[in-house]
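K.L.:
Each residue of the sequence shown is one higher than the one before, starting from -8 at the first, in our numbering.
Glycine is no exception: its CB is placed at the ideal position from the N, C-alpha and C atoms.
None of these values were measured; they are calculated from a predicted model.
Questions regarding the structure given below will be posed in turn.
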Amino acid sequence: MYRNAQFLRGLVASCDSFSVTKCYAFLALLHEEKAVAIGFRGSNDALQLLAQGGSVFNDMQEFMAGGFVSSYFFNAFSALWNDSLNDEFVKLRAQYPDYQVWIAGHSLGGAIANMCASHIVAGGYIEPGNVKLATFGEPRTGDKYYAAAHDILIYYKASMKYGAQYKVCKELEDSRCSNGLWFANSIDDHTSYFEVSVSGYGIRGCT
């Protein structure tokens, strides 16, 4: 738990051009850690998952940080950023110039978090060394050129119990890492981390 944390506000925007699904971002200050925290919520319902899946077959969008990304993720990030996240972030950077920026997200939120981190670095808002990005269950966000900036995957083969062995994967589509587990995949791998349910953790107030 963060002992000197300040929740600022939640932001919401339409994820798609039809205004059917919503995406959410949250802003907070972690004063003891000297960090501006930005969080992005994961997929909310089956309709949103369907929309994300459909975007795989659409044209990808060129991204300012390099490469091409999924059109759905691009539109979701752009909607949040252009609606109010950009203005809020610029204000916080001016108020707390010595704070790092910590960005996190799960599932859909992981893809948006990834793009947000890339955007603020490529846009010159902050130096790369002052940004921390953590995503969980992040879908494939962009092509290999976009992924080149995010090429390290922490891979747990059997479980994520305390003390479990892990491996840092650096190769593309590495069969010695997650690509070697085609028959051991489980939805639990997407919804639980370190043997803690993402939803349950949030419902309990992140304790």
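Quick one, are the C-beta atoms of A16 and L71 less than 8 angstroms apart?
P.N.:
Counted from its first residue, the sequence shown places residue 16 at position 25. Counted from its first residue, the sequence shown places residue 71 at position 80. Yes.
K.L.:
So the candidates are V187, D89 and Y90; which of them puts its Cα closest to the Cα of K152?
P.N.:
Mapped onto the sequence shown, residue 152 falls at position 161. Measuring from the Cα of K152, the nearest candidate turns out to be V187.
K.L.:
Please return the same chain residues whose Cβ sits closer than 8 angstroms to the Cβ of Y(-7), not counting the five positions on each side in sequence.
P.N.:
Within the sequence shown, residue -7 is the residue found at index 2, counting from 1. The answer, listed in chain order, is L21, E23 and E24.
K.L.:
Nearest to C6 by CA position, among A139, I94 and S61, is which residue?
P.N.:
Here residue 6 corresponds to residue number 15 of the sequence shown, with the count starting at 1. Out of A139, I94 and S61, S61 has the C-alpha closest to the C-alpha of C6.
K.L.:
Report yes if the C-beta distance between E129 and N105 is below 8 angstroms; otherwise report no.
P.N.:
Stepping through the sequence shown from its first residue, residue 129 is reached at position 138. Stepping through the sequence shown from its first residue, residue 105 is reached at position 114. It is a contact, given that the beta carbons lie within the stated cut-off.
K.L.:
Starting from R0, follow the beta strand (DSSP E) in both directions and report where the run begins and ends.
P.N.:
Translated into positions along the sequence shown, residue 0 becomes position 9. A(-4) to S5 is the extent of the beta strand (DSSP E) around R0.
K.L.:
Does the beta-carbon of R32 have 16 or more other beta-carbons within 10 angstroms, so that it is buried, or is it exposed?
P.N.:
Reading the sequence shown from its first residue, position 41 is the one you call residue 32. By the 10 Å Cβ count, R32 comes out buried.
K.L.:
So, helix, strand or coil for K152, using DSSP?
P.N.:
For the purposes of this step, residue 152 is taken as the residue at position 161 of the sequence shown. Three-state DSSP puts K152 in coil, outside helix and strand.
K.L.:
Please classify F54: is it buried, with 16 or more other beta-carbons within 10 angstroms of its beta-carbon, or exposed?
P.N.:
The residue you call residue 54 lines up with position 63 of the sequence shown. Buried, because 16 or more other Cβ atoms sit within 10 Å of the Cβ of F54.
K.L.:
If you run the structure through DSSP and keep just helix, strand and coil, what is I94?
P.N.:
Translated into positions along the sequence shown, residue 94 becomes position 103. I94 falls in the strand class under three-state DSSP.
K.L.:
Could you check how far apart the C-beta atoms of V92 and N121 are, in whole angstroms? I think they sit under 8 angstroms.
P.N.:
Mapped onto the sequence shown, residue 92 falls at position 101. Mapped onto the sequence shown, residue 121 falls at position 130. With a Cβ gap of about 6 angstroms, V92 and N121 count as contacting.
K.L.:
Check whether the Cβ atoms of G133 and F68 sit closer than 8 angstroms, and answer yes or no.
P.N.:
One-based indexing of the sequence shown puts residue 133 at position 142. One-based indexing of the sequence shown puts residue 68 at position 77. Result no, Cβ atoms of G133 and F68 do not sit closer than 8 angstroms.
K.L.:
I need the straight-line Cα distance from L(-1) to F64, nearest angstrom please.
P.N.:
Stepping through the sequence shown from its first residue, residue -1 is reached at position 8. Stepping through the sequence shown from its first residue, residue 64 is reached at position 73. Each residue's alpha carbon lies about 24 angstroms from the other.
K.L.:
Based on Cα-Cα distance, which residue from A56, M51 and S190 lies nearest to I111?
P.N.:
For this step, residue 111 is matched to residue 120 along the sequence shown. The shortest Cα separation from I111 among A56, M51 and S190 belongs to A56.
K.L.:
Give me the DSSP bridge partner(s) of Y15.
P.N.:
Numbered from its first residue, the sequence shown carries residue 15 at position 24. BP columns for Y15 point to V3.
K.L.:
Nearest to S98 by alpha carbon, out of Q52, N(-5), G1 and S183?
P.N.:
Looking up residue 98 in the sequence shown gives position 107. The candidate whose alpha carbon is nearest that of S98 is S183.
K.L.:
Quick one, are the C-beta atoms of V27 and L83 less than 8 angstroms apart?
P.N.:
Your numbering for residue 27 matches position 36 in the sequence shown. Your numbering for residue 83 matches position 92 in the sequence shown. Taking 8 angstroms as the Cβ cut-off, V27 and L83 qualify as a contacting pair.
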